[in-house]
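Number of protein chains: 2
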Amino acid sequence: MDTIRAYAPATVANVCCGFDILGFAMDSPGDEVVLRRTRNDEVFVSAIHGDGGLLPLDPTKNTASVAVRAFQEATGLRFGVSIELYKNLPLGSGMGSSAASAAAAVVAINALAGSPLSRHELVPFAMEAERVACGSAHADNVAPSILGGFVLIRDYQPLDVIKLPIDLELYCTLVHPHLEVKTSDSRKILRPVIALKDSITQSGNVAGLITGLFTKDLSLVSRSLKDVIAEPVRSVFIPGYDRIRQMAMECGALGAGISGSGPTMFALSANREVAQQTGARLQQHFSSLDIHSDILVSKINPEGAEVRS
Amino acid sequence: MDTIRAYAPATVANVCCGFDILGFAMDSPGDEVVLRRTRNDEVFVSAIHGDGGLLPLDPTKNTASVAVRAFQEATGLRFGVSIELYKNLPLGSGMGSSAASAAAAVVAINALAGSPLSRHELVPFAMEAERVACGSAHADNVAPSILGGFVLIRDYQPLDVIKLPIDLELYCTLVHPHLEVKTSDSRKILRPVIALKDSITQSGNVAGLITGLFTKDLSLVSRSLKDVIAEPVRSVFIPGYDRIRQMAMECGALGAGISGSGPTMFALSANREVAQQTGARLQQHFSSLDIHSDILVSKINPEGAEVRS
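Protein chains in written order, with our numbering: chain U, 1 to 309; chain H, 1001 to 1309.
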């Protein structure tokens, strides 16, 4: 095959108590790439649609091409590729936009090369793209975008990525308020030391969340969806943060928090109706503050990125 | 029934990465209590066997009687009880000795009262005994001793105790070196603040451990049995700590660490032979340092405390 179209979904990193170790994939929206084998041996970005001209065409800077180049370098399977990128995710929103492009690109280049690598083996190449996009080769967006479902990044040295085999249908609401929060600012505001007691609370909640997901105990999932480390500081970027969490719970959501480094907020719900009501309620909240917002409701995607043709 | 005999097992709190939130129960050894209904309305300790005269007979200070009194106060089911305590666990060793007496006592008094409460509901009364014994009403020994298996203490306010429904046969080696380490010293040595990155590592490991237990992924359990918070400081109390962990792994154990606040060390293994070899190897290590040690090997007990007659 000389042309591959691949899709990779938006993702929610952190998931409250899973700060820096947990992420999950949405069903939609997501980015698409079309990779075409070319006669020369270069990797280049031929076109980007939907980014408003903001993303670089430079193959050393675009996350899709960086991921493709990392794949080729590691496998030695070098051949010319043109990349056409269809951006459906808003940039810098905290829903894994750069990760989705990279995830789609590595899944596509692997398919174009005859699928020599497993999904897990593709993760490090997409992480290289994250390093270029935001300065840190983190995996909590790219891994769930590639693998689907809930993904644990247990460790980075060496990389230990575990897809949680969970059989639980959950729905996610994303509320993207049109506020500008730079990932680097959102990172800088975190304190390098924390109270031991907060670390214990966070551990208890992440253990509770994972137990609740495995045992389908939605009440336990709900009780565990709390972040005592990043959110108390990052929430200053989001007007009415505590009210937002409360509103989501009043709508019946299991929990809510900041998606990645924000400003997008996520809420998890047991069914689509609650997820939609939650979205409408939060959009109303932002409207009342004269902040425009977009609402996205989707099932948790259990399969991750897919080759579409 | 006017006489109840109950047994409650030794427990391992912390379990490396589960500092202050996780514990599990051994099959043996354990403490036994015999409760007898009396004609007056007092709770008193009639005899203690096996403690070398070290434990208090004063009912306001003995963990068994404190737990019984807490039960009676909360339920209003007041009647006279004499308590005979058979101590099989060494005191101050880090294997939940005070907790086992309290756990056996609450299970016995509940049976004597006609079982009005569930196992989960008994946990707070045994925690009161821990408050008397060591100044803090912690649950990570009493909860697994009462409930069995692996138990998560997700939170204390309000108390949220979850028995993990895990179907995995594991064996534990306890090595009790005859060193004196006071729980209060072991607690005091911990720093009240820690690095954010260590907190993230700990969260990743506890998430990995719980996932590994649910999915029966022994390699993941093994990779996750690390503690970057308490052990780096507490290990100063145990001569050759790093070598001990390494020796346990060389014997085939999944992991090893400090049991509770020590000085007992524990190792987890997938079968009894490895657990026994690990015990022999670690006893040899302590012998070479002229430190006498006791070795205890047992299956993880899935049921916890039991009424024996």
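Where a beta carbon is used, it is the ideal one built from N, C-alpha and C, also for glycine.
query	result
Distance cut-off 8 Å: residue 244(U) Cβ against heavy atoms of the ligand ADP	In the structure on display, the ligand ADP does not appear, and there are no ligands present to speak of.
For residue 292(U) and residue 10(U), the rounded distance between their alpha carbons	20 Å
Residue range of the unbroken beta strand (DSSP E) whose run includes residue 150(U)	150 to 156
Under 9 Å between C-beta atoms of residue 1172(H) and residue 1275(H)	yes
Where residue 1236(H) falls, given that 16 or more other Cβ within 10 Å makes a residue buried	exposed
Limits of the unbroken alpha helix (DSSP H) element including residue 1262(H)	Residue 1262(H) -> no alpha helix (DSSP H), and no H or E assigned at all.
Cut-off 7 Å between Cβ atoms - residues of its own chain near residue 1266(H), not counting five sequence neighbours on either side	1012, 1172, 1173, 1174, 1256, 1257 and 1259
Contact set for residue 36(U): own chain, Cβ-Cβ below 6 Å, skip 5 residues either direction	3 and 82
Check whether residue 79(U) and residue 102(U) have beta carbons under 9 Å apart	no
Residue 1293(H), enclosing alpha helix (DSSP H) - first and last residue	It is not in any alpha helix (DSSP H) - residue 1293(H) instead sits in the beta strand (DSSP E) that spans 1293 to 1299.
Rounded straight-line distance, which links the Cα of residue 144(U) to that of residue 170(U)	15 Å
Residue 1016(H) in three-state terms, based on DSSP	helix
Distance between beta carbons of residue 1057(H) and residue 1140(H), contact taken as under 8 Å	That belief does not hold up - the Cβ atoms of residue 1140(H) and residue 1057(H) are roughly 27 Å apart, past 8 Å.
Residue of 1213(H), 1264(H), 1253(H) and 1128(H) minimising C-alpha distance to residue 1295(H)	1264(H)
Residue 185(U) in three-state terms, based on DSSP	helix
Under 7 Å (Cβ pairs) to chain H, residues found in the segment 208 to 227 of chain U	208, 210, 211, 214, 215, 220, 223 and 224
Complete runs of the alpha helix (DSSP H) confined to the segment 1199 to 1234 of chain H [at least 4 residues]	1218 to 1224 and 1231 to 1234
Minimum C-alpha distance to residue 1134(H) - residue among 1116(H), 1115(H) and 1097(H)	1097(H)
Check whether residue 1063(H) and residue 1099(H) have beta carbons under 9 Å apart	yes
Contacts of residue 153(U) in chain H (Cβ-Cβ under 8 Å)	1204
First and last residue of the uninterrupted alpha helix (DSSP H) at residue 71(U)	63 to 75
Neighbour flag for residue 261(U) against chain H, beta carbons, 9 Å	no
is_contact[residue 1191(H), chain U] using C-beta, thresh 9 Å	yes
Meets three-Cβ-pair contact criterion under 8 Å: the segment 113 to 131 of chain U and the segment 67 to 74 of chain U	yes
Extent of the continuous beta strand (DSSP E) run through residue 1172(H)	1171 to 1177
Completely contained beta strand (DSSP E) runs for the segment 34 to 65 of chain U, where each covers 3 or more residues	43 to 49
Option in 251(U), 8(U), 85(U) and 284(U) with minimal Cα separation from residue 269(U)	251(U)
Top-ranked residue by Cα proximity to residue 261(U), from 136(U), 230(U), 224(U) and 279(U)	230(U)
Whole-number beta carbon distance between residue 210(U) and residue 1201(H), since they are thought to touch under 8 Å	Actually they are not in contact, since the Cβ atoms of residue 1201(H) and residue 210(U) sit about 16 Å apart, beyond 8 Å.
Chain H contact for residue 118(U) (CB, 9 Å cutoff)	no
Cβ-based neighbour list, residue 1197(H), same chain, cut-off 6 Å, excluding 5 preceding and 5 following	none
Contact with chain U by residue 1199(H), beta-carbon distance below 9 Å	yes
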